[in-house]
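Down below is the structure, laid out as structure tokens.
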Amino acid sequence: MAEENPQDKPKKSLFPSLIQAIRGVFSRSTLDKLQNNWSELKSRPKVLYGVGGGILAFILLLIALSLFRHYKAQSDHKEIIETETQLQKQREKVASNKNEDFANLPTIKGESTIPLSNEEEINALITKADLLYHQGQRQEALKIFSDISQQSSSIANHNLGVIKMHEHDYTGALKAFNQAIASKQNVSINAINAMVASFYLNNMDLYTRYLRLTMQSLPEVANQPIYAYAYSLGLYYGGHYFETLSTLNHSNSVIFKPMRQRLASKIYLLFGDTQNALNSLGEVATPKDDKALGLLYARLGHYREALRHLERYIDHFPHDLSTYMAKELIYLKMGNFPQASGALSFLQQQAKNDANKLKILSDTYPIAPILNARFFDIDTVRRDFWTNNFRQSIGLPIYRIFFYYAPFKLINAKKGLEAIQEGVFFVDTSGSKDFDGALKSIENGKNMSISDQYTIEALKEIGHSHLRSAMHQLKRALQVNPNNAVSHYNLGLVYAQLDDFNDASFHFRKSYHLDSHNILAGIFAVIAGRLNYEDMSVFLKNLTADFQAMDFSNKTDRAFLNSFIAYLNDASNDDLAWLSDVKKPLKIYYALNVAYANKAHNKDRLIQSFKALKIMQPDNMLTNLFYQMMLKYRADIKQMLEAYALLTNKSMNIEELVHGPLLARKMYIYLGFVTGLLNQQEQELTTRLSVTRDEDLSTDLMRMLGLLSIFQKKYEKAVGIFTFLIDKRKETSAEPLLLASLAYIALKRYGDAALLLEFAKTKLPGNYDVRYGLGLLYQRMGNFEASLNHFGAIKDSDFQSIYLDFAIQSPTAQKDFP
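Each residue of the sequence shown is one higher than the one before, counting from 140 in the numbering used here.
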């Protein structure tokens, strides 16, 4: 309940003692005494005659004064008429005063101060009664004073009840409102207040009783301006929300418009109609409403407008810390983590060493981590398939397309032979017979050759789309020869195709540092680093400078790398004119063409690029799928019937799909999710898993089944699969750890999710998704310090998690009206 505006406090009456004196003289008990005394006089004649003589003398005195009083009669009569006119004007003033009369009738989170009458009107009535009394019209004067007494009593009790409500003394408030009701003045209004007090006392029987009394007594004020609004309140508190909206929206009165609009806004919000709630409140908003307006804009996703209103509110009410809490949540939704961390840090300083204050702030806007609807909600995925790339993981995932169509490098056998020949040269031609140098060179050449043998085996596995087997061979190659730039490049590309961008970034950088002429390794290091949430700006600047200083004998290589580096430096467009002159183009050339075409939303260029890729690998499922998607570029995803046919095609190369790059597997599951084929896909994968004896191949199948289970909302199954993969198969890259934590979060097993993400943090301290998940989980618990530590590690001002989002829960210490 809001604080009373000092301007709304009634003026102190000029006649309190007069009212009390008149109430004593003209009370019912006084009249009864007079009647009893008259009966007693009749039984005592002598006393009666004495009294009669006194009255006669009094009459003679009156006659003497009559001439004096006569000339004043007209003046007195005129004064009465003027008083009546004053009263009428005062009534009209009261009726038209929309800012004072009933301005604070109770609504949700509303105020309860209800000035039931104007003190100036009472003073005018007292003046009129006084004149009537002196005119000798005593009965009429007594009637007015009786009305004044009852009305004053009603107002006094009502105002006492309001004060008690402000003090949260709901028992005392209820008692005062009951006394006001007993005076039979403004019963419906006092009954509404009594109903609110009953609600706070959690006495629903009384609540129902006063609601019934409110509706029964409303006809008393049927001809007053308050009627329509009071009737709306009665309907609202009775739970008749649609009917309440109807009465609120069909009232033409301007007297109670602010209160009507606020109540309508709250009812719209009950129905989830945020836009109409915003419109209703916006029409009558005051600076105190800026907070509510900000929250409504935030619900609509208009975060910048929301922040504007919250900042304005803070200018007027800087001590309301809950507003800073709301700002922090909005910054989180925007992905602006430096600002979110700043708001959280401010709150922590303000509530330093006050655990209770932090608890209150946490309970004001409690949050819970949830799965990202843009990734796991079918309606959202269908609607935003083309616009939400989720850091390049769905729709048209450009960065992953680069890796999918990137070339692996062959071995450089010539270097190994040269090293062996160098060792022979030391023995045959050197007079000093440098056997140590000869043995070292021959050993280096031998290691290179052995390393090359593993690399050759890896390339064979890649040819069969068995990336995990290829990864093992490349690791062996690097154990033998740690400085093999080609093996580092190839291993980095395998990791990238398996979505392990942390290891991919390391090996691409290593390859580039070992062989600075391998510009493509440097380019892929930038892309993998960005997908791993690393700041690659300095590395890209150095790479660009190295490229520009380099001489190229092959014009196509220079043109391709120049266009690629320009893309990473945010070039707006490049038509790749050089591509038309290339006789034997690489697939990566067309992947770059796809990237530029997507940036320009050039459908024809996209179609032509994938058509060229389709010609180069006609049996590749993902390439055919992308080609069909481009034919329906940015159209409704459900229109892609040809894509659906590809997913159900029995002649599809399932081996390449299941064990090759992860991009193909994800697109297979995503489109199965969109087209309703998940159950069919689950059966296919389960059957293959049951007959597979190869550990690497079964790991691939289980990872697909784990992701598929999350899309199916089979979270317990997903937890079981990923727990096995992490514990037994040592699958501890980012994706399996994050997907496992997602499944725990979906099951509301937040503690298990936090433990898993803490483990992930030890392996991937720079991963923003891990930090974001932990930050949300700790803020949910009210641990602002731990939450700040994790949010503070995210330096991006536009970060959007692939996996996680959060929802704001109902306040745990809610004090709203019903």
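Virtual Cβ for every residue (Gly too), placed ideally from N, Cα, C.
Because the structure is a prediction, the values reported are computed rather than measured.
Around the Cβ of arginine 208, are there at least 16 other Cβ atoms within 10 angstroms (buried) or fewer (exposed)? Stepping through the sequence shown from its first residue, residue 208 is reached at position 69. Bear in mind that the predicted position of arginine 208 carries a pLDDT of just 48, short of 50, making it unreliable; the figure below should be weighed with that in mind. Burial call: exposed.
Does the pairing of the segment 496-503 with the segment 914-927 give three or more beta-carbon distances under 8 Å? yes
Cβ pair count under 8 Å reaching 3, the segment 450-462 against the segment 422-434: yes
Per-residue burial, valine 677 [other beta carbons within 10 Å of its own, 16 or more giving buried]: Counting from one through the sequence shown, the residue named residue 677 turns up at place 538. Its Cβ having fewer than 16 others within 10 Å, valine 677 is exposed.
With distances taken from CA atoms, which of Asp638, Phe686, Glu673, Asp639 is nearest glycine 661? Within the sequence shown, numbered from 1, the residue matching residue 661 stands at position 522. Ranked by how close their Cα comes to the Cα of glycine 661, the residues Asp638, Phe686, Glu673, Asp639 have Phe686 in first place.
Starting from aspartate 944, follow its DSSP beta bridges and name the residues at the other end. The residue labelled residue 944 in the question sits at position 805 within the sequence shown. DSSP, once it has assigned bridges, lists Ile509 as partnering aspartate 944.
Among residues of its own chain, excluding the 5 on either side of glutamine 400, which ones have a beta-carbon nearer than 7 Å to its beta-carbon? Position 261 of the sequence shown, counted from the start, is the residue given in the question as residue 400. So the list reads Ser419, Leu420, Glu422, Val423, once near-sequence residues are dropped.
Which first and last residues belong to the alpha helix (DSSP H) in which alanine 545 is found? As a first step, residue 545 must be located in the sequence shown, where it is residue number 406. No alpha helix (DSSP H) holds alanine 545; DSSP gives it neither H nor E.
If you count every other CB in all the chains shown that lies within 10 Å of the CB of glutamine 324, and 16 or more means buried, which is it? For the purposes of this step, residue 324 is taken as the residue at position 185 of the sequence shown. Buried, by the Cβ-count rule.
Residue burial classification, valine 335 (beta-carbon count within 10 angstroms, cutoff 16): Indexing the sequence shown from 1 puts residue 335 at position 196. So valine 335 counts as buried.
Taking the alpha helix (DSSP H) that tyrosine 772 falls in, what are its first and last residues? The residue you call residue 772 lines up with position 633 of the sequence shown. Looking at the DSSP string, tyrosine 772 is not in any alpha helix (DSSP H), and its letter there is neither H nor E.
Below 8 Å on the Cβ atoms is my guess for leucine 745 versus proline 546; work out the distance and round it to an integer in Å. In the sequence shown, residue 745 corresponds to position 606, counting from 1. In the sequence shown, residue 546 corresponds to position 407, counting from 1. The Cβ separation is near 21 Å, so there is no contact.
CB contact check: lysine 753 to chain C, cutoff 8 Å: Structure shown: chain C not included; a single protein chain is present.
Where aspartate 835 sits in the DSSP three-state scheme: Locating residue 835 in the sequence shown gives position 696, counting from the first residue. Aspartate 835: helix per DSSP, three-state reduction.
What is the rounded straight-line gap between the Cα of lysine 408 and the Cα of leucine 434? As a first step, residue 408 must be located in the sequence shown, where it is residue number 269. As a first step, residue 434 must be located in the sequence shown, where it is residue number 295. The sequence given here has leucine at residue 408, not lysine. Approximately 12 Å, taken between the alpha carbons.
8 Å CB neighbourhood of alanine 160 in its chain, flanking five on each side removed: Within the sequence shown, the letter at position 21 stands for residue 160. Here alanine 160 scores only 44 on pLDDT, less than 50, and its place in the model is too uncertain to base an answer on.
Going by beta-carbon coordinates alone, are glycine 474 and glutamine 939 separated by less than 8 Å? As a working note, residue 474 is residue 335 in the sequence shown. As a working note, residue 939 is residue 800 in the sequence shown. Yes, these two residues count as a Cβ contact at 8 Å.
Segment contact, 8 Å Cβ cut-off, at least three pairs: the segment 325-332 with the segment 293-301: yes
Alpha-carbon spacing of alanine 892 relative to proline 508, whole angstroms: Residue numbering aside, residue 892 sits at position 753 when the sequence shown is read from its first letter. Residue numbering aside, residue 508 sits at position 369 when the sequence shown is read from its first letter. Alanine 892 and proline 508: Cα-Cα distance of roughly 10 Å.
Would methionine 354 pass as a contact of glycine 373 if the rule is Cβ separation under 8 Å? As a first step, residue 354 is located in the sequence shown; it is residue number 215 there, counting from the start. As a first step, residue 373 is located in the sequence shown; it is residue number 234 there, counting from the start. Yes, they are a contact pair.
Ignore the nearest five residues each way along the sequence and tell me which others in aspartate 833's own chain have a CB closer than 7 Å to its CB. The residue labelled residue 833 in the question sits at position 694 within the sequence shown. Once the five neighbours on either side are set aside, aspartate 833 has no close Cβ partner at all.
Burial state of isoleucine 754, where buried means 16 or more other Cβ atoms lie within 10 Å: As a working mapping, residue 754 is identified with position 615 in the sequence shown. It counts as exposed.
6 Å Cβ shell around phenylalanine 749 - same chain, five flanking residues per side excluded: Position 610 of the sequence shown, counted from the first residue, corresponds to residue 749. If we look at phenylalanine 749 and ignore the five residues flanking it on each side, its Cβ neighbours are Phe765, Tyr766, Met769.
Just verifying my parser: in three-state terms, what is the DSSP assignment at methionine 920? Stepping through the sequence shown from its first residue, residue 920 is reached at position 781. Correct three-state label for methionine 920: coil.
Given this structure, state the Cα-to-Cα distance separating asparagine 792 from threonine 413, to the nearest angstrom. For this step, residue 792 is matched to residue 653 along the sequence shown. For this step, residue 413 is matched to residue 274 along the sequence shown. C-alpha separation (whole angstroms): 49 Å.
Can you give the Cα-Cα distance for phenylalanine 812 and phenylalanine 524, rounded to whole angstroms? By 1-based counting over the sequence shown, the position of residue 812 is 673. By 1-based counting over the sequence shown, the position of residue 524 is 385. Phenylalanine 812 and phenylalanine 524: Cα-Cα distance of roughly 12 Å.
Determine the burial state of threonine 838: buried for a count of at least 16 other Cβ atoms within 10 Å of its Cβ, exposed for fewer. Reading the sequence shown from its first residue, position 699 is the one you call residue 838. It counts as buried.
May I ask which residues mark the beginning and end of the alpha helix (DSSP H) holding glutamate 795? Here residue 795 is taken as the residue at index 656 of the sequence shown, counted from 1. Element bounds for glutamate 795: 793-798.
Looking at the structure shown, is tryptophan 525 part of a helix, part of a strand, or coil, going by DSSP? The residue labelled residue 525 in the question sits at position 386 within the sequence shown. Coil.
Mapping DSSP to helix, strand and coil, what is threonine 871? By 1-based counting over the sequence shown, the position of residue 871 is 732. When DSSP states are grouped into helix, strand and coil, threonine 871 belongs to the coil group.
Considering only the beta carbon of each residue, do leucine 801 and leucine 637 sit closer than 8 Å? One-based indexing of the sequence shown puts residue 801 at position 662. One-based indexing of the sequence shown puts residue 637 at position 498. In contact: leucine 801 and leucine 637 (Cβ atoms closer than 8 Å).
Could you tell me if asparagine 362 is buried or exposed, where buried requires 16 or more neighbouring beta carbons within 10 angstroms of its beta carbon? As a working mapping, residue 362 is identified with position 223 in the sequence shown. Classification of asparagine 362: exposed, given that the 10 Å Cβ count is below 16.
Selection from Ala873, Leu886, Val733 that minimises the alpha carbon distance to threonine 901: One-based indexing of the sequence shown puts residue 901 at position 762. For the residues Ala873, Leu886, Val733, the minimum Cα distance to threonine 901 belongs to Ala873.
Taking the alpha helix (DSSP H) that asparagine 622 falls in, what are its first and last residues? The residue labelled residue 622 in the question sits at position 483 within the sequence shown. No alpha helix (DSSP H) holds asparagine 622; DSSP gives it neither H nor E.
Which complete alpha helix (DSSP H) runs does the segment 344-425 hold, if anything under 4 residues is left out? 365-376, 380-388, 396-409, 413-421
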